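Heads up: the structure comes next, in structure tokens.
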Amino acid sequence: MFRFRARTRPAVLLVVLVVGALLLAACGGGDDDDSEAEGDEEVATTSTTEEPATTTTLPPVIAPLTGLPDATATSPTRAAVVVKVDNVPGDGRPPQAGIEVADIVYEEPVEGTTRLAAVFHSTIPPRVGPVRSTRFLDPGIVWPIGGMYVYSGGTADKVAAIKASPMQTVDENGLQQAGARQRDSQFRAPHNLFALMEPLLAWDQVQSHTPPPALFTFLAGGQPFNGTPASKIAINNDTNAEYTWDAASGRWQRSALIDATGQVKPHLAESGTQIAPANVIVQKIGGVNDKAQLVGDGQAWVCSQGKCTAATWRRSDLGGVTEFVDANGAVLALTPGSTWVHLTIGDDPTITP
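Structure, rendered in structure tokens:
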């Protein structure tokens, strides 16, 4: 019995020691777990705040000749196209194509009537015309615009003058080469030549597609135009044009002597749309017909938002842009939109309040 007891005592002690060691280990492990838990808790409570994604809104591209946003955003990479368009009154004249969407139209005196230099940049119509010959006033009109000038013939001296300008000139032969010449059989020559704009631009040989400069200063959205209220502007020579203010559309609706009866009727384009620019400028120039001068200064009347103001136009050289200034010498700003510049020799316009 004694030997038995002597043998079992160390075993029991060993068991006690082992159990104790395990308990101590368990307590030590608990400390480690708590430490890890505390560490986990610190990680959980320390969060990294992500910066919200920022969206950069780029300002809209503004078409330089109208001051309006360009939905296509292609204005900075496209040159302007100026087309010389017939404007002879009478039943034989076909409806003019495309001019209702021109950014700017210059109406110029030509031998008792007028012709148009229609400037296209922000909007390109399917066809433009009837295309007619170049005149001495045209280089002065288009020189600062650059790009392409489309015409049909002219005397040798007038053709030489336009070819001396910085424009890419395209005559009827050029239109044929581009696949852009259309002779409309509905009308008699020379009032039946039209320029097809899509093939013309596809053929475009302009080396630098530099956009035209802004030819006018434009008011910011909602800014008023300062002037005297005007309901109608009448020009009693050339084509006896009238511009009547339409408050609903915010445009000057144009009428002109368009038939042999002597009656002034709404000036409708081929599309049936009445010509109605946002701004009308009457620029009085000196000289005779298309030999008048566009460099220097003179009288002008600037009309926008149903109001007109007397102004002075001034231009230092052919490459310069014409400025229209008020009595204090401040440049007049226009309403964003299309502009009709009526160049006239003779009587002042009649402006009806």
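As numbered in numbering that gives the first Met the number 0, residues 0 to 352 make up the sequence shown, in order.
Built from N, CA and C at the ideal position, the CB exists for glycine as well.
Nothing here was measured: the structure is a model prediction, and the numbers come from that model.
- Counting of Cβ neighbours within 10 angstroms places S74 among the buried residues, the total reaching 16 or more.
- When secondary structure is reduced to three states using DSSP, Q176 falls in the helix class.
- For V81, the uninterrupted beta strand (DSSP E) segment begins and ends at V80 to V84.
- Residues of the same chain with a CB within less than 6 Å of the CB of W339, apart from the 5 flanking positions on each side, are V104, P276 and V279 in chain order.
- Per the C-alpha coordinates, the member of F215, A117, R187 and K162 positioned closest to V324 is F215.
- Take T349, set aside five residues on each side of it, and the residues of its chain with a beta-carbon closer than 6 Å to its own are A233, in chain order.
- Per DSSP, the unbroken alpha helix (DSSP H) holding I161 starts and ends at A155 to K162.
- Straight across, the Cα-Cα distance linking T113 with L57 is about 43 Å.
- DSSP assignment within the region 165-212 yields the following whole alpha helix (DSSP H) runs of 4 residues or more, N-terminal first: 171-176 and 196-202.
- Inter-segment contact for the region 310-320 and the region 188-197 is absent: fewer than three beta-carbon pairs are separated by less than 8 Å.
- Shown here, D325 sits in coil according to DSSP, grouped into three states, outside any helix or strand.
- A straight-line Cα-Cα distance of about 7 Å links I144 and A79.
- For S164, the closest of L333, G319, S337 and T343 by C-alpha to C-alpha distance is G319.
- Comparing alpha-carbon positions, the option among T76, F224, D137 and P68 lying closest to L342 turns out to be D137.
- Taking 9 Å as the cut-off, the Cβ atoms of V127 and G146 do not count as close.
- Sixteen is the threshold: when 16 or more other Cβ atoms of the shown chains lie within 10 Å of the Cβ of T65, as they do, the residue is buried.
- Residue state for S74 is assigned as helix, using DSSP reduced to three classes.
- Under DSSP, no beta-bridge partner is assigned to L218.
- Under DSSP, F119 shares a beta bridge with V80.
- The beta carbon of I274 sits closer than 7 Å to those of I98, E99, R253, H266 and A268, all from its chain and outside the five residues before and after it, given in chain order.
- The beta carbon of D296 is closer than 7 Å to those of T311, W312 and R313 in its chain, skipping five residues each way along the sequence.
- V141 carries a helical assignment under DSSP once its states are collapsed to helix, strand and coil.
- Annotation note: the region 253-326 contains the following uninterrupted beta strand (DSSP E) runs of length 3 or greater, listed N- to C-terminal: 263-265, 278-283, 295-303, 306-314 and 322-324.
- Counting along the chain, P108 sits inside the beta strand (DSSP E) bounded by residues I103 to V109.
- Secondary structure of I98 (DSSP, three-state): helix.
- Residue environment analysis places R187 among the exposed positions, since fewer than 16 neighbouring C-beta atoms fall within 10 angstroms of its C-beta.
- Looking at P93, V82, D347 and A255, the one whose alpha-carbon comes closest to that of A309 is D347.
- Separation of Q185 and G153 (C-alpha to C-alpha, rounded to the nearest whole angstrom) is 24 Å.
- Minimum Cα-Cα distance from Q204 among the listed residues T227, L174 and P223 corresponds to L174.
- Using a Cβ distance threshold of 9 Å, D170 and V149 count as a contacting pair.
- Approximately 6 Å separates the beta-carbon atoms of P93 and P129; this is inside 8 Å, confirming the contact.
- Non-local C-beta neighbours of Q298 in its own chain, meaning closer than 6 Å and more than five positions away in sequence, comprise K283, ordered along the chain.
- A155 and P228 have their C-alpha atoms roughly 46 Å apart.
- For a cut-off of 8 Å, the C-beta gap from P88 to L192 is around 19 Å, too long to register as a contact.
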